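K.L.:
Just dropping this structure here.
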C-alpha cells in the first residue's frame, strides 16, 4: 500500500528502510523523502515506521505467533 503518494513510498519501502537502519521519521524523510511535500502522510508513515520497528525488535523475533498478534 502507498504511504506517500507525492514520493511514491510504500509500506514495503519503509520496512526495507527499517531493516537497513532507519529508526526515526526524520531518517525516513532523508532516505525516502516521505512526508517532505504536502505532509498528509506523516501520521501514517509514523505508524508504519513503528510497526516495522516493533516487528524487528528482539522480543518480536523470539516471541510466538500469539504474542505477536497481541501487540
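Numbering (the working numbering), first residue to last: 14 to 84. C-beta atoms are modelled at their ideal positions from N, C-alpha and C, and glycine is treated no differently. Treat the numbers as computed from the prediction; the structure is a model and nothing was measured.
For residue 19, which residues of its own chain have a beta-carbon under 7 Å away from its beta-carbon, when the five flanking residues on both sides are left out?
P.N.:
Closer than 7 Å at Cβ, skipping near neighbours: 50, 51.
K.L.:
For the beta strand (DSSP E) holding residue 17, just list the boundary residues, first then last.
P.N.:
15 to 17 is the span of the beta strand (DSSP E), which, as asked, contains residue 17.
K.L.:
Give a yes or no on whether the C-beta atoms belonging to residue 99 and residue 66 are separated by under 7 Å.
P.N.:
Here the chain comprises residues numbered 14 to 84, so residue 99 is not present and cannot be evaluated.
K.L.:
Would you list the residues sitting across from residue 22 in a DSSP beta bridge?
P.N.:
In the DSSP output, where bridge partners are listed per residue, residue 22 has 17.
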